[in-house]
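Which chain is which? The protein sequence lines are Y and F, in order. Under our numbering, the first residue of the first sequence is numbered 766, with each subsequent residue one higher. Under our numbering, the first residue of the second sequence is numbered 19, with each subsequent residue one higher. Think of the CB as a built atom: it goes at the ideal place given N, C-alpha and C, for glycine as much as any other residue. Model, not experiment: these values are computed from the prediction.
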Amino acid sequence: MGFEGIGAAVRRKEDLRFLSGRGHYTDDINRPGQLYASIRRADRPHARIKGIDTAAAKASPGVAAVFTGADMAADNIGGLPCGWQIHNKDGSPMAEPPHPVLAVDKVRHVGDPVAVVIAATRQQAKDAAEALVIDYEDLPSIAGLRDAIAPGAPLVHDEVAGNLCYDWHIGDKALVDAAFARATKVVKLDLENNRLIPNAMEPRAALGDFDSMSGDYTLFTTSQNPHVIRLLMGAFVLHIPENHLRVVAPDVGGGFGSKIYHYAEEAIVTWAAGKLKRPVKWTADRSESFMSDAHGRDHVSTAEMALDADGHFLALRVSTLANMGAYLSTFAPCVPTYLYATLLAGVYKTPAIYVEVKAVFTNSVPVDAYRGAGRPEATYLLERLVDVIARETGIDRVELRRRNFIANDAFPYQTPVALQYDSGDYTATLNAALKVADYAGFAQRRAAAAARGKLRGIGVSTYLEACGIAPSAVVGSLGARAGLYECANIRVHPTGSVTVFTGSHSHGQGHETTFAQLVHSQLGVAMDQIEIVHGDTDKIPFGMGTYGSRSLAVGGSAMVKAMDKVIAKGRKIAAHLMEAAVDDVEFKDGKFTVAGTDKSRALAEISLAAYVPHNYPIEELEPGLEETAFYDPKNFTYPGGCHIAEVEIDPETGVTTVINFTAVDDVGRVINPMIVEGQVQGGVAQGIGQALLEAAIYDKSGQLLSGSMMDYTMPRADNLPNITVGTESTLCTHNPLGVKGCGEVGAIGSPPAIMNAVVDALADYGVRHIEMPATAPKLWSIIQAGRPRLAAE
Amino acid sequence: MYDFAYQKPSNVADAVAALGADPEAKAVAGGMTLIPVLKQRLNRPSVVVDLAKTGLAGITAGAGSITIGAMTTHAAVAHSADVQRVIPALAALAGLIGDEQVRHRGTIGGSLANNDPAADYPAAALALGATITTTKRAIKADDFFQGMFTTALEPDELITKVEFPAATKANYQKFRNPASRYAIVGVFVAQTAAGVRVAVTGAGQGGVFRHTAMEAALSKNFSADAIADVVTPADDLNGDIHASSEYRAHLIGVMARRAVAAAA
Chain Y
766 MGFEGIGAAV RRKEDLRFLS GRGHYTDDIN RPGQLYASIR RADRPHARIK GIDTAAAKAS
826 PGVAAVFTGA DMAADNIGGL PCGWQIHNKD GSPMAEPPHP VLAVDKVRHV GDPVAVVIAA
886 TRQQAKDAAE ALVIDYEDLP SIAGLRDAIA PGAPLVHDEV AGNLCYDWHI GDKALVDAAF
946 ARATKVVKLD LENNRLIPNA MEPRAALGDF DSMSGDYTLF TTSQNPHVIR LLMGAFVLHI
1006 PENHLRVVAP DVGGGFGSKI YHYAEEAIVT WAAGKLKRPV KWTADRSESF MSDAHGRDHV
1066 STAEMALDAD GHFLALRVST LANMGAYLST FAPCVPTYLY ATLLAGVYKT PAIYVEVKAV
1126 FTNSVPVDAY RGAGRPEATY LLERLVDVIA RETGIDRVEL RRRNFIANDA FPYQTPVALQ
1186 YDSGDYTATL NAALKVADYA GFAQRRAAAA ARGKLRGIGV STYLEACGIA PSAVVGSLGA
1246 RAGLYECANI RVHPTGSVTV FTGSHSHGQG HETTFAQLVH SQLGVAMDQI EIVHGDTDKI
1306 PFGMGTYGSR SLAVGGSAMV KAMDKVIAKG RKIAAHLMEA AVDDVEFKDG KFTVAGTDKS
1366 RALAEISLAA YVPHNYPIEE LEPGLEETAF YDPKNFTYPG GCHIAEVEID PETGVTTVIN
1426 FTAVDDVGRV INPMIVEGQV QGGVAQGIGQ ALLEAAIYDK SGQLLSGSMM DYTMPRADNL
1486 PNITVGTEST LCTHNPLGVK GCGEVGAIGS PPAIMNAVVD ALADYGVRHI EMPATAPKLW
1546 SIIQAGRPRL AAE
Chain F
19 MYDFAYQKPS NVADAVAALG ADPEAKAVAG GMTLIPVLKQ RLNRPSVVVD LAKTGLAGIT
79 AGAGSITIGA MTTHAAVAHS ADVQRVIPAL AALAGLIGDE QVRHRGTIGG SLANNDPAAD
139 YPAAALALGA TITTTKRAIK ADDFFQGMFT TALEPDELIT KVEFPAATKA NYQKFRNPAS
199 RYAIVGVFVA QTAAGVRVAV TGAGQGGVFR HTAMEAALSK NFSADAIADV VTPADDLNGD
259 IHASSEYRAH LIGVMARRAV AAAA
């Protein structure tokens, strides 16, 4: 066995299970006497429910129950809560309309759950759900942001005027206005961030169980954060105290944010299990996923940069409309505010920034965090704007970036939009990426492509993100209704093997490997004697879960802290056994040694003494060797880097091929470089998907036109180039591991790199900006319309 | 999926009888269209008649033609040395259908009988002037395709085999829908003893069609340049969220020129 500690590319322990079909997912779990739920969803974007005739459904074979919103209301079931409250410019709280579990008076988007049928088999439940007769009165509806804020637009919620959830701002408006007044040049760009549908490989599922003897409920669910679900569902929806509610998130096949939120189906199956005293399972089919999983992105923005004569950024002014969909999903309000506007400084020393964000309700599926969550939107806006500035000022786009970079000696760097960056070296990642991508040799490759009749472009994106969320007091002051620490429990067993109980949740990230490497490094325990347990509220003390690239930075730090406690206690036990002073006992490589002597005790000897405390400092120390720590981060972490994309466009068809992609990221200390590479590649794949392929398309009324894999273009292997991943790390200064996080960087840095390359490729066609996704017909139209300047000369 | 009865007859006659006995019966060949449709509850057959054991698979090379049994999979066609030798464009087309899994289940008979307006095989059948033999008769490709998802087949009539005349030159160019990977535009160009034909799939509102203007130009001069100025009207073409009718019209020209240039 070679080196397996921090920095080793250890193969993923969990992959044998996953790759051989032996993962254990929510839908694999079956309980005795289990029933199946099928949910009847709205087939229209906006309608009043005049009546629901359940008679035929109730009489349908195998049906155990039919429930509607009225039944839930009669049981005093609460609505789905929102976990974040944003305040308007005037200090008043955002509009927070009710979000009933099952629709009560109105349906507000295609896919809105209206009724649930519970039957002996899945097919019987579906048959009966089709037999429900729902009498709708259709109402006018809107799906687009601009339509929704237009005067006289139909109201998604009667009580929310203008469909405006909030009108928020950040930054110093007067300072920005003054900078614009003295600017030599102002560059303005209108742009959209396309709406995406996450499509995790495993569809969502939920299985509710109820023990009528104990009164205990158990929910098995496809969640990234089972404790958060227990808290939200128990406290706000079903009113079940924690001691009677267990939430288990077993193996979960991908989340990307879409499995953070507390969804209606979780509450439905848990509540129904209690009503029927039978287990109730619901599993989404893919069509349901399209219309019920929270979507991502969907911004419309205007950005303006004020510049001096040398191309220095003087001030940035941004105005954004953000789509919330029909209801507020769990974290939706914070995405276009504190995960977006605060990122608009990027890697640049822009001294003044002012951002206004209007969040808007529409008749569409709720929108919430999706891999990157706000930061891809910010990065796309900023990096597209920088390229437009370069073109319009004639300053080379790389030089323009260098000229405005925050200098290496400027850290800690306070941005004008709240964040304080702790570390970074943007020049280092840029230089490394330029070298790996052979940026200098691009002109030759472009000429060679032109000789083949192809349009070749190269695009650079220098980005930064904030993750490792988040300091509880800070986010609390910003409207979060929860803390964002993490918890770890380290149990050293009598013979020295270790079980880690972590509040982080793994749904593809490789935690069982990375976390084991942490324990192996710090405690010297062999990898095969370390078990990582997650995803069960009955086993783990508490947890805030996995999102925002926080598992290692926050969850890993909690483990380090807990292991520090284990070592501290171990030193006391070792001092007793070796008759030495505690201060003289050192711990290294799994051994407690008396300094300057050859006396030592292995961790397993100490743990055995702790559990068999015959010779033990029992007066001063409790037996056992198990410690719990909660770690609350002191700041966000700030990964950043440079992504470079090279594309070729076929002018005859408009098809873009990504020729190669280079990502050089600063993710802080790397625990497992293979896993980092995989995370970045996956993120880049999603970024390429957003830039070139993916679009959730609604018609004006709110019918989802891209509601299946036949019409929604997920990236596939043949859409992707070889992705070269490198790291140039500076360490995070405020967490014990120096880690920053790598889960989202790929999806954040890549879309503007691709789009900058696409615009670059079409430079001769007089194009200034292209909205994502840059599909073939869109580029073909641009090519048709644009008279190549070269041809005109 | 709704409940249905399932039959798996061991010969063609029994299959035809089963289909004739029940107007709500549906035949399933490879199931690559029917099974997704059933899973989405968009179709409710009383009985599904599985043709897997009817002995209709197989490829034979004749003098100047290739005959393919209705139940032959796309993968078998793509990998057939005979097809690759006699009509390489047909083997290449089969290799472009769906993905590896689909190609090992989907069949030529199923594809032709379904006549999806974005399917690939109808373009080959029409351009090569194939003869589709059924349990009742032989039907010329020109008479077989009768609009999207519509063919000359009667309810209890099954395709048994398809005969493709050899081509002196042929090629198929497919522009895929990026999501479904069906053809947004597919153009099959063939020069056979009967002349030059250009068949277009994916684009037409009525399904596969012959591009007679291009055929006329290519008959005089089989070169990409000969059709460079042939304009395809967009009026009768499909438009959807993936491609406007104008874009499809343009792509027909691009794919046709590429097919002619690549035809061997």
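Any C-beta of chain F under 8 Å from that of residue i
i         : result
Y/Tyr931  : no
Y/Ser1052 : yes
Y/Ile1547 : no
Y/Leu961  : no
Y/Gln888  : yes
Y/Asp937  : no
Y/Leu1544 : no
Y/Thr1421 : no
Y/Ala1556 : At Y/Ala1556, the pLDDT of 47 sits below 50, so the modelled position is not reliable; the number obtained from the coordinates is stated separately. With 8 Å as the cut-off, Y/Ala1556 does not count as an interface residue toward chain F.
Y/Glu1417 : yes
Y/Thr1478 : yes
Y/Leu1458 : yes
Y/Met966  : no
Y/Met1537 : no
Y/Ile1462 : yes
Per DSSP, the bridge partner or partners of residue i
i         : result
Y/Arg1062 : For Y/Arg1062, which the question treats as bridged, DSSP gives no partner whatsoever.
Y/Leu1469 : Y/Tyr1463
Y/Tyr1396 : Y/Glu1251
F/Ala217  : F/Phe206, F/Arg228
Y/Glu902  : Y/Arg813
Y/His934  : Y/Glu1121
Y/Tyr1620 : In the structure displayed, chain Y extends from 766 to 1558; residue 1620 of chain Y sits before or after that span and is not available.
Y/Cys1407 : Y/Thr1227, Y/Val1429
Y/Lys953  : Y/Glu1069
Y/Asp818  : Y/Val898
Y/Asp981  : Y/Asp976
Short CB-CB distance (under 8 Å) between residue i and chain Y
i        : result
F/Thr51  : no
F/Val214 : no
F/Tyr265 : yes
F/Lys274 : In the sequence under discussion, the amino acid at residue 274 of chain F is Ala, which differs from the Lys named in the question. No, its Cβ sits nowhere closer than 8 Å to a Cβ of chain Y.
F/Leu269 : yes
F/Ser262 : yes
F/Met19  : yes
F/Phe193 : yes
Three-state class that DSSP yields for residue i in the structure shown
i         : result
Y/Arg1166 : helix
Y/Asn1425 : strand
F/Gly222  : strand
F/Val34   : helix
Y/Ala1556 : Bear in mind that the predicted position of Y/Ala1556 carries a pLDDT of just 47, short of 50, making it too unreliable to give a figure here.
Y/Asp923  : coil
F/Lys238  : helix
| query | Given 8 Å as the limit, is there contact between the region 1526-1538 of chain Y and the region 1158-1165 of chain Y, that is, 3 or more CB pairs closer than that? | reply | no
| task | Scan the region 1036-1103 of chain Y and note each continuous beta strand (DSSP E) run of 3 residues or more that stays entirely inside, going in chain order. | result | Within the region 1036-1103 of chain Y, the complete beta strand (DSSP E) runs of at least 3 residues are 1045-1048, 1064-1072, 1078-1090.
| Enumerated in chain order, which unbroken segments of the alpha helix (DSSP H) with a length of 4 residues or greater are wholly contained in the region 1311-1378 of chain Y? | Counting only runs of at least 4 residues, the region 1311-1378 of chain Y fully encloses the following alpha helix (DSSP H) elements, listed from N- to C-terminal order: 1322-1342, 1368-1376.
| said: Contact between the region 1255-1264 of chain Y and the region 1353-1372 of chain Y is defined here as three or more beta-carbon pairs at a separation below 8 Å; is this criterion met? | reply: yes
| query | Is there contact here, the region 1276-1289 of chain Y with the region 1020-1033 of chain Y, by at least three beta-carbon pairs under 8 Å? | reply | No, they do not touch.
| query | For the region 54-82 of chain F, which segments carrying the beta strand (DSSP E) assignment without a break, of at least 3 residues, lie completely within its bounds, in sequence order? | reply | Entirely contained in the region 54-82 of chain F, the beta strand (DSSP E) runs reaching 3 residues are, in chain order, 65-68, 77-80.
| query | Using 8 Å as the Cβ pair cut-off and three pairs as the minimum, do the region 1263-1283 of chain Y and the region 1314-1332 of chain Y touch? | reply | Taking 8 Å as the limit for Cβ pairs, the verdict is that the region 1314-1332 of chain Y does touch the region 1263-1283 of chain Y.
| task | Let me know the beta strand (DSSP E) ranges lying completely inside the region 97-152 of chain F, each 3 residues or longer, listed in chain order. | result | For secondary structure counted as the beta strand (DSSP E) over 3 or more consecutive residues, the region 97-152 of chain F holds these complete runs in sequence order: 149-152.
| Any chance the region 1182-1192 of chain Y sits against the region 1487-1501 of chain Y, with 3 or more Cβ pairs inside 8 Å? | yes
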